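Down below is the structure, laid out as structure tokens.
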Amino acid sequence: MVLKVILAIILPPVAAYMQVKTTTHLWVNIVLTILGFVPGQIHALWLVLTNQK
């Protein structure tokens, strides 16, 4: 889990992929990261910390 939190801060789409694989959440995270890095980080942290599957 610590690795996923670190990845959510550094590479949000990678952390999102590790958490939810190729679901809609991954694509939302990629778009958010492209539009602004901080929204992508927030979304990835939310995915990791709420244990979304």
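Position one of the sequence shown corresponds to residue -3 (our numbering), numbered consecutively onward. Note that CB positions come from ideal geometry on N, CA and C, so glycine has one too. All values derive from a computational prediction rather than experimental measurement.
Whole-angstrom distance between residue j and residue i, CA atom to CA atom
i, j, result
"residue 23", "residue -1", "21 Å"
"residue 21", "residue 29", "12 Å"
"residue 44", "residue 4", "8 Å"
"residue 39", "residue 6", "13 Å"
"residue 42", "residue 11", "11 Å"
Residue i classed as buried or exposed, judged by whether at least 16 other C-beta atoms fall within 10 angstroms
i, result
"residue 31", "exposed"
Cβ shell of residue i (< 7 Å), same chain only, five flanking positions each side left out
i, result
"residue 35", "28"
Own chain partners of residue i with C-beta closer than 8 Å, once the 5 adjacent residues on each side are dropped
i, result
"residue 46", "none"
"residue -3", "44"
"residue 9", "22, 25, 26, 29, 36 and 40"
"residue 19", "none"
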